[in-house]
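A.B. asks:
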Amino acid sequence: IFLATVNVIMMLLGIIGNGLVIWIAGFKMKKTVNTVWYLSLAVSDFLFCVFLPFNITYIVKREWSFGLFMCKLTSFILFLNMFSSISLLVIISLDRCVAVMFPEWAQNKRTIRLAWVMVLAAWIVSAMLSSPAAYFRDLHITYRETSCYYNYTSDEQHIAVVVCRFIFGFAIPLLVIIICYAFIIQKLKFNQTGRSNKPFKVMTALIAAFFICWLPYHIFNLLEINVKNSIIQIGQQFGTTLASANSFMNPFLYAFMGKNFKRKCYAFWTNIQSTFEEEVQCTPQETTNTNSGVHSMAPTHTCTDAMCIFLATVNVIMMLLGIIGNGLVIWIAGFKIKKTVNTVWYLSLAVSDFLFCVFLPFNITYMVKREWSFGLFMCKLTSFILFLNMFSSIFLLVIISLDRCVAVMFPVWAQNKRTIRLAWVMVLAAWIVSAMLSSPAAHFRYLHITYRETICYYNYTYDEQHIAVVVCRFIFGFAIPLLVIIICYAFIIQKLKFNQTGRSNKPFKVMTALIAAFFICWLPYHIFNLSEINVKNSIIQIGQQFGTTLASANSFMNPFLYAFMGKDFKRKFYALWSKIESTFEEEA
5 IFLATVNVIM MLLGIIGNGL VIWIAGFKMK KTVNTVWYLS LAVSDFLFCV
55 FLPFNITYIV KREWSFGLFM CKLTSFILFL NMFSSISLLV IISLDRCVAV
105 MFPEWAQNKR TIRLAWVMVL AAWIVSAMLS SPAAYFRDLH ITYRETSCYY
155 NYTSDEQHIA VVVCRFIFGF AIPLLVIIIC YAFIIQKLKF NQTGRSNKPF
205 KVMTALIAAF FICWLPYHIF NLLEINVKNS IIQIGQQFGT TLASANSFMN
255 PFLYAFMGKN FKRKCYAFWT NIQSTFEEEV QCTPQETTNT NSGVHSMAPT
305 HTCTDAMCIF LATVNVIMML LGIIGNGLVI WIAGFKIKKT VNTVWYLSLA
355 VSDFLFCVFL PFNITYMVKR EWSFGLFMCK LTSFILFLNM FSSIFLLVII
405 SLDRCVAVMF PVWAQNKRTI RLAWVMVLAA WIVSAMLSSP AAHFRYLHIT
455 YRETICYYNY TYDEQHIAVV VCRFIFGFAI PLLVIIICYA FIIQKLKFNQ
505 TGRSNKPFKV MTALIAAFFI CWLPYHIFNL SEINVKNSII QIGQQFGTTL
555 ASANSFMNPF LYAFMGKDFK RKFYALWSKI ESTFEEEA
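Okay, so the sequence shown: first residue is 5 according to our numbering, each after it adds one.
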């Protein structure tokens, strides 16, 4: 589970980071030799990340379900991208060394055409070195499981492949990179006496990243030739995962580490901070909704292998984005800016969503293993915490809507009575009511233990109890909050129409989007839960699982909808985009 989670995180970051590099370097800016390097490296890493789901599924299921062709193809593609990435890093190092050591020659001979020729050569050589990964890959089929493994007919073949990978995939590339940067550092020291030593730090970071990410992988593979035990196998898995980390690290190390990138990041951080300080009258915008926590269906037998992997992957992505996004909001609103009523709302909502995301791993593990392994106390606690955060998030959204409505409709009263102390009182009241409404989630949660498995489920004594809980959740967790939010924004829109005749209608579009998000994220969950009262079949149970996942999405959406949608955010984002583009144009 841990390795699968780490791989999903790397896959997500790698696809996003490398996809951004491909978009910028491939479509948004003029072609140069530098953009050829960045684009080729990003394509290599992007392909690696695209094929990661096959390995993730294999790690979780411990069985290969994709046939012999995909067994060979995935192994070939992964090693193709390993060798091509390393080869491209060597080419980039050589290019930078030549540009520094022989600037005049580089200015005349360093052409885009030559760059593409070198890239093509790197891919051809990488394909040749990767071919054994497909040739020796085979299926081992038993009555219990199917494994995708390396079927070497002799130890000599095994040794030859492993040693070849080490020499051409680590030792020689590392030696070339070190020599290149040794020449570069020597040249820069000679030409930049007394100047900043930042180039040395960046180069050291690049060499260290290469060394750290790939050395464990090759060490465990070399050890496995003579020593075959569980420790070596676990080491190989961790080594492979660590080596894979370069797929999402490369965009940052080679593209986003431009000479002014720290200053750009701090400027962007400041822009995000300023969003919290916008007054309601200026941004009657942020409203919708959230989040999740809902009930994990006890028996997960209706969840097919593919669907379980898909839902688990989606939940891991949401957990990652939710922890990062809400953690950033908590850090800014809680520690970096002056306390205001607005920051109380943002902080409370972010804490609620953050707690939900922290408890998601229990549901993810349950979803994948199809068995509860954490005992009765955690069975009750996780359910209680998830519903506590569901209700508290929704009530906080209602409070924010009421606050904005009052601020727009009665600005003078709001200016005098809208205090931080009152805000904290309202937040505390929301959490107390949420705890009361969430208590049935713990009370009715039990373990069902058989000789095959342990299930965490809702044990209602009577149908009336089940109906009462579901209807109560729908009324207090959806219908009433949605009605209040719609009424609040109806008053706000009417007031703004009266005061802003002829001005932009952007506030109305934003409010519509926020209310729609609330409606879309939560309606399926409540529909399937209400349907499940009278209709119990696999379709309803699958619908509940998808409805739960969709509702959970608001946990990571809220930071963007409520905090990052400031009136100038698009302009700030485009400015950052332009700065990232400029990074590609910096010479070695």
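Cβ coordinates follow ideal geometry from the N, Cα and C atoms, glycine included.
Kindly indicate the opening and closing residues of the alpha helix (DSSP H) around Thr660.
C.D. replies: Past the edges of the chain, shown from 5 to 592, lies residue 660, and the structure says nothing about it.
A.B. asks: Between the region 67-84 and the region 32-47, are three or more C-beta pairs nearer than 8 Å?
C.D. replies: Too few Cβ pairs lie closer than 8 Å, so no.
A.B. asks: Any idea what DSSP makes of Ile537, helix, strand or coil?
C.D. replies: Here residue 537 corresponds to residue number 533 of the sequence shown, with the count starting at 1. Of the three classes helix, strand and coil, the one that applies to Ile537 here is coil, per DSSP.
A.B. asks: Going by DSSP, name the residue or residues bridged to Leu143.
C.D. replies: What you label residue 143 is simply residue 139 of the sequence shown in a count that begins at 1. Per DSSP, Cys152.
A.B. asks: What would DSSP say about Val10, mapped onto helix, strand or coil?
C.D. replies: Taking the sequence shown and counting its residues from 1, one reaches residue 10 at position 6. The answer is helix: DSSP assigns Val10 an H, G or I state.
A.B. asks: What does DSSP give as the partner residues of Thr458 in its beta bridges?
C.D. replies: Along the sequence shown, one-based indexing puts residue 458 at 454. For Thr458, which the question treats as bridged, DSSP gives the partners Ile453.
A.B. asks: Find out if the Cβ-Cβ distance for the pair Ile368, Ala316 is shorter than 8 Å.
C.D. replies: Taking the first residue of the sequence shown as position 1, residue 368 is located at position 364. Taking the first residue of the sequence shown as position 1, residue 316 is located at position 312. Contact: yes.
A.B. asks: Below 8 Å between beta carbons: does that hold for Arg100 and Cys217?
C.D. replies: Taking the first residue of the sequence shown as 1, we reach residue 100 at position 96. Taking the first residue of the sequence shown as 1, we reach residue 217 at position 213. The answer is no: Cβ separation not under 8 Å.
A.B. asks: Is it buried or exposed, Thr386, if we count other Cβ atoms within 10 angstroms and call 16 or more buried?
C.D. replies: Taking the sequence shown and counting its residues from 1, the one referred to as residue 386 is at position 382. So Thr386 ends up on the buried side.
A.B. asks: Express the C-alpha separation of Asp407 and Val64 in angstroms, rounding to a whole number.
C.D. replies: Working through the sequence shown from its first residue, we reach residue 64 at position 60. Working through the sequence shown from its first residue, we reach residue 407 at position 403. Looking at the two C-alpha atoms, the distance is approximately 46 Å.
A.B. asks: Please list the segments of the alpha helix (DSSP H) lying wholly inside the region 303-359, counting only runs of 4 or more residues, in order along the chain.
C.D. replies: 309-335
A.B. asks: Report the residue from Phe495, Val474, Phe480 whose alpha carbon sits nearest the alpha carbon of Glu536.
C.D. replies: By 1-based counting over the sequence shown, the position of residue 536 is 532. Glu536 has its Cα closest to that of Val474, out of Phe495, Val474, Phe480.
A.B. asks: Does the separation of the CB atoms of Ser151 and His162 fall below 8 Å?
C.D. replies: Here residue 151 refers to the residue found at position 147 of the sequence shown. Here residue 162 refers to the residue found at position 158 of the sequence shown. No. Outside cutoff.
A.B. asks: Thinking C-alpha only, which one of Lys501, Ala557, Leu500 is nearest Pro528?
C.D. replies: Walking along the sequence shown from the start, residue 528 turns up at place 524. Closest by alpha carbon: Ala557.
A.B. asks: Are the CB atoms of Pro365 and Met323 within a distance shorter than 8 Å?
C.D. replies: Start at 1 with the first residue of the sequence shown, and residue 323 comes out as number 319. Start at 1 with the first residue of the sequence shown, and residue 365 comes out as number 361. Their beta carbons are under 8 Å apart, which means Met323 touches Pro365 by this criterion.
A.B. asks: Going by beta-carbon coordinates alone, are Cys361 and Ile321 separated by less than 8 Å?
C.D. replies: Translated into positions along the sequence shown, residue 361 becomes position 357. Translated into positions along the sequence shown, residue 321 becomes position 317. Contact flag unset, no.
A.B. asks: By a C-beta neighbour count over all protein chains shown, 10 Å radius and 16 as the cutoff for buried, is Asp572 buried or exposed?
C.D. replies: Position 568 of the sequence shown holds residue 572. For Asp572, the predicted model reports a pLDDT of 42, less than 50, meaning its position is unreliable and no value from the coordinates is stated.
A.B. asks: Specify the secondary structure class of Ala249 as computed by DSSP and reduced to three states.
C.D. replies: Here residue 249 refers to the residue found at position 245 of the sequence shown. It is coil, neither helix nor strand.
A.B. asks: With DSSP collapsed to three states, give me the class of Lys501.
C.D. replies: Here residue 501 is taken as the residue at index 497 of the sequence shown, counted from 1. It is helical.
A.B. asks: Indicate the three-state DSSP secondary structure (helix, strand or coil) for Asn463 in the structure shown.
C.D. replies: Here residue 463 is taken as the residue at index 459 of the sequence shown, counted from 1. Coil at Asn463, not helix or strand.
A.B. asks: Rounding to the nearest angstrom, what Cα-Cα distance links Phe388 and Tyr450 in this structure?
C.D. replies: On the sequence shown, residue 388 is found 384 positions in, with the first residue counted as 1. On the sequence shown, residue 450 is found 446 positions in, with the first residue counted as 1. Near 12 Å, if we compare the C-alpha coordinates of Tyr450 and Phe388.
A.B. asks: Below 8 Å CB to CB, which residues in the same chain sit around Asn22 once its five sequence neighbours on both sides are set aside?
C.D. replies: Stepping through the sequence shown from its first residue, residue 22 is reached at position 18. Ala46, Val47, Asp49, Phe50, Cys53, Ser251, Phe252, Asn254, Pro255, listed in sequence order.
A.B. asks: Under a Cβ-count criterion, where at least 16 other Cβ atoms within 10 Å of its own Cβ denotes burial, should Ser158 be classed as buried or exposed?
C.D. replies: For the purposes of this step, residue 158 is identified with residue 154 of the sequence shown, where counting begins at 1. The residue is exposed, with fewer than 16 neighbouring Cβ atoms inside 10 Å.
A.B. asks: Does the contact criterion of 3 or more C-beta pairs under 8 Å hold for the region 16-31 versus the region 218-230?
C.D. replies: no
A.B. asks: Under the rule that 16 or more other beta-carbon atoms within 10 Å means buried, what is Asp467, buried or exposed?
C.D. replies: Mapped onto the sequence shown, residue 467 falls at position 463. By the neighbour-count rule (16 or more Cβ atoms within 10 Å), Asp467 is not buried but exposed.
A.B. asks: Under DSSP, the alpha helix (DSSP H) around Gly71 begins and ends at which residues?
C.D. replies: Counting from one through the sequence shown, the residue named residue 71 turns up at place 67. Its alpha helix (DSSP H) spans residues 71-105.
A.B. asks: Please go through the same chain and pick out, in chain order, the residues whose beta-carbon is closer than 6 Å to the beta-carbon of Trp435, but skip the five residues on each side of it.
C.D. replies: Counted from its first residue, the sequence shown places residue 435 at position 431. Exclusion of the five residues before and after Trp435 leaves Ser396 as the residues of its chain whose Cβ lies within less than 6 Å of its Cβ.
A.B. asks: Taking the alpha helix (DSSP H) that Trp41 falls in, what are its first and last residues?
C.D. replies: Here residue 41 is taken as the residue at index 37 of the sequence shown, counted from 1. Looking at the DSSP string, the run of the alpha helix (DSSP H) that includes Trp41 is 37-54.
A.B. asks: According to the neighbour-count rule (16 or more other Cβ atoms, all chains shown, within 10 Å of its Cβ), is Cys168 buried or exposed?
C.D. replies: Against the sequence shown, residue 168 aligns to sequence position 164. Classification of Cys168: exposed, given that the 10 Å Cβ count is below 16.
A.B. asks: Can you list, in chain order, the residues of its chain with a C-beta nearer than 6 Å to that of Gly297? Leave out the 5 residues immediately preceding and following it.
C.D. replies: On the sequence shown, residue 297 is found 293 positions in, with the first residue counted as 1. Unreliable placement is indicated for Gly297, whose pLDDT of 36 sits below 50; the coordinate value is still reported in the next sentence. The answer, listed in chain order, is Phe360, Leu390, Phe391, Asn393, Met394.
A.B. asks: From which residue to which residue does the alpha helix (DSSP H) around Ile403 run?
C.D. replies: Stepping through the sequence shown from its first residue, residue 403 is reached at position 399. Looking at the DSSP string, the run of the alpha helix (DSSP H) that includes Ile403 is 379-413.
A.B. asks: Please determine whether the Cβ atom of Thr465 lies at a distance below 7 Å from any heavy atom of the ligand ATP.
C.D. replies: For the structure depicted, the ligand ATP is absent and the ligand set is empty, with no information on it obtainable.
A.B. asks: If you draw a straight line from the alpha carbon of Gly30 to that of Thr553, how long is it in whole angstroms?
C.D. replies: Within the sequence shown, numbered from 1, the residue matching residue 30 stands at position 26. Within the sequence shown, numbered from 1, the residue matching residue 553 stands at position 549. Cα-Cα distance, rounded: 34 Å.
A.B. asks: Hey, could you find the ends of the alpha helix (DSSP H) Thr552 is sitting in?
C.D. replies: The count along the sequence shown starts at 1 and reaches residue 552 at position 548. Counting along the chain, the alpha helix (DSSP H) containing Thr552 begins and ends at 542-556.
A.B. asks: Which ranges would you report for the beta strand (DSSP E) in the region 158-195 if only whole runs of at least 3 residues count?
C.D. replies: none
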